[in-house]
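Enquirer: Here it is, the structure, as structure tokens.
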Amino acid sequence: MTIKKQLTASTPAPGVPFYTPAQDPPAGTALKKDDTPIPTVFTPLTIRGLTLQNRFAVSPMCMYSASNGHLTDFHLVHLGQFALHGTPLTIIEATAVTPNGRISPEDSGLWQDSQIAPLKRVIDFIHSQGQKVGIQLAHAGRKASTLGPWHYRTLGKEVATEDVGGWPDNLWAPSAIAWADGFPTPKEMTLEQIKELVQAWKDAARRAIEAGVDLIEIHGAHGYLLTEFLSPITNQRTDSYGGTFQNRTRLLVEIITAIRSIIPDSMPLFLRISATEWMSHTSPSPSWDLPQSKQLASLVADLGVDLLDVSSGGNNAAQKI
1 MTIKKQLTAS TPAPGVPFYT PAQDPPAGTA LKKDDTPIPT VFTPLTIRGL
51 TLQNRFAVSP MCMYSASNGH LTDFHLVHLG QFALHGTPLT IIEATAVTPN
101 GRISPEDSGL WQDSQIAPLK RVIDFIHSQG QKVGIQLAHA GRKASTLGPW
151 HYRTLGKEVA TEDVGGWPDN LWAPSAIAWA DGFPTPKEMT LEQIKELVQA
201 WKDAARRAIE AGVDLIEIHG AHGYLLTEFL SPITNQRTDS YGGTFQNRTR
251 LLVEIITAIR SIIPDSMPLF LRISATEWMS HTSPSPSWDL PQSKQLASLV
301 ADLGVDLLDV SSGGNNAAQK I
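Structure (structure tokens):
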């Protein structure tokens, strides 16, 4: 007696040029077999039009592996693995909105259209697994043009000089104050450069949308450019971008407004901040602290920021935790 086996075609995952089975439901979805309550961390979360099947996420992490700002096969493997293992949201590393906004020469960027396609390739794969993708847009300010952190032990230096693709003479900051001894002094940004920077954030957000991201995060933490504008220690300007809380937050407000104006209303907008720069005990002058962060939280919520990713420190080498 011959037993005939009926073969049925598996549904392919969408959006990729090769066969892999569709994930329905996606990895990381909690399945119930009785009336036992599902722990909250494994329950869905909805932010605007984005629904995640659980409440885990991969934070943005610099991997120092981009090629002139373009993502590579490394990023496809590195970021794709999280989608396979049930993380519903992966946020791509700090991605510079201008070339001089990279932390290191090997950081990712979205300052030109050629960077869209390699980003889209990574996003398409993550989407094929039923997972979501965010991207953290950033400018490193006076902490740009540095080497990967492991180089300090072997080379004894942290600054990326021109011979290794750095730009130590073209650092931007609100004021011409170096990060620490041995680091280059940044150039105080002109009003025209600030205007151009806001447009660069907006253009990078447009490219991110074209690549298919599900959300955008603004990097305003860890002593990078937006932190530098927020802090009265690093922002000593006397124009409309310095001095008062309203003035020091002006650039961030303009960037949030610019990005929110072009992304879909259904798309979440996140903001990462340092709640304190840990300088209240070491600085004779005022610093960025928790009360100001609380004030900022109320301000940005009214502008359309949906989630605060709260960290701390990173704006001054003399910080004391």
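Everything in the sequence shown is counted per full-length UniProt numbering, starting at 1 for the first residue and increasing by one. Just so it is clear, CB atoms sit at the ideal spot from N, CA and C, and this is done for glycine as well. From a predicted model like this one, the values you see are computed outputs, not experimental measurements.
For my contact list, S280 and S274 are in at a C-beta cut-off of 8 Å; report their separation, rounded to the angstrom.
Expert: Here the question's residue 280 lines up with position 280 in the sequence shown. Here the question's residue 274 lines up with position 274 in the sequence shown. Their Cβ separation, rounded to whole angstroms, is 13 Å, which puts S280 and S274 out of contact at 8 Å.
Enquirer: By DSSP, does I3 sit in helix, in strand, or in coil?
Expert: Mapped onto the sequence shown, residue 3 falls at position 3. Confidence at I3 is low in this model, with a pLDDT of 44, below 50, so the placement of that residue should be treated as unreliable; the coordinate-derived value is given next. I3 falls in the coil class under three-state DSSP.
Enquirer: Taking all protein chains shown into account, do 16 or more other C-beta atoms lie within 10 angstroms of the C-beta of L7, making it buried, or fewer, making it exposed?
Expert: Counted from its first residue, the sequence shown places residue 7 at position 7. Only weak support is given to the placement of L7: the predicted model assigns it a pLDDT of 46, under 50, and the value that follows is read from those uncertain coordinates. Exposed: under 16 other Cβ atoms inside 10 Å.
Enquirer: In its own chain, which residues sit with a C-beta less than 6 Å from the C-beta of G223, not counting the 5 before and 5 after it?
Expert: Mapped onto the sequence shown, residue 223 falls at position 223. Same-chain partners within the cutoff: K143, G314 and N315.
Enquirer: Tell me whether L71 sits in a helix, a strand or coil according to DSSP, three-state version.
Expert: The residue you call residue 71 lines up with position 71 of the sequence shown. L71 falls in the coil class under three-state DSSP.
Enquirer: Provide the residue(s) that pair with K187 in DSSP beta bridges, ordered along the chain.
Expert: Taking the first residue of the sequence shown as position 1, residue 187 is located at position 187. Paired residue(s): W172.
Enquirer: Once the 5 residues before and after I321 are set aside, which same chain residues still bring their CB inside 6 Å of it?
Expert: Counted from its first residue, the sequence shown places residue 321 at position 321. Counting only Cβ-Cβ distances below 6 Å, and skipping sequence neighbours, we find W278.
Enquirer: For the stretch 94-106 against the stretch 126-137, are there 3 or more C-beta pairs whose distance is under 8 Å?
Expert: Touching, per the Cβ criterion.
Enquirer: Roughly how many angstroms lie between the CA atoms of G156 and E162, to the nearest whole one?
Expert: As a position in the sequence shown, residue 156 is number 156, starting the count at 1. As a position in the sequence shown, residue 162 is number 162, starting the count at 1. C-alpha separation (whole angstroms): 17 Å.
Enquirer: Rounded to a whole number of angstroms, what is the C-alpha to C-alpha distance between I194 and H78?
Expert: Mapped onto the sequence shown, residue 194 falls at position 194. Mapped onto the sequence shown, residue 78 falls at position 78. Computed Cα separation, rounded: 34 Å.
Enquirer: Determine the closest residue to A57 out of Q292, L215, A221 and D203, with distance taken between C-alpha atoms.
Expert: Walking along the sequence shown from the start, residue 57 turns up at place 57. Per the Cα distances, L215.
Enquirer: Helix, strand or coil, according to DSSP, for Q136 in the structure here?
Expert: In the sequence shown, residue 136 corresponds to position 136, counting from 1. Strand at Q136.
Enquirer: Please name the residue in F42, P118, P14 and E106 whose C-alpha comes closest to that of R207.
Expert: Locating residue 207 in the sequence shown gives position 207, where the first residue counts as 1. With distances taken between Cα atoms, R207 lies closest to P118.
Enquirer: Tell me the start and end of each unbroken beta strand (DSSP E) in the stretch 268-292 that is at least 3 residues and wholly inside, in chain order.
Expert: DSSP runs (the beta strand (DSSP E)) wholly in the stretch 268-292: 269-274.
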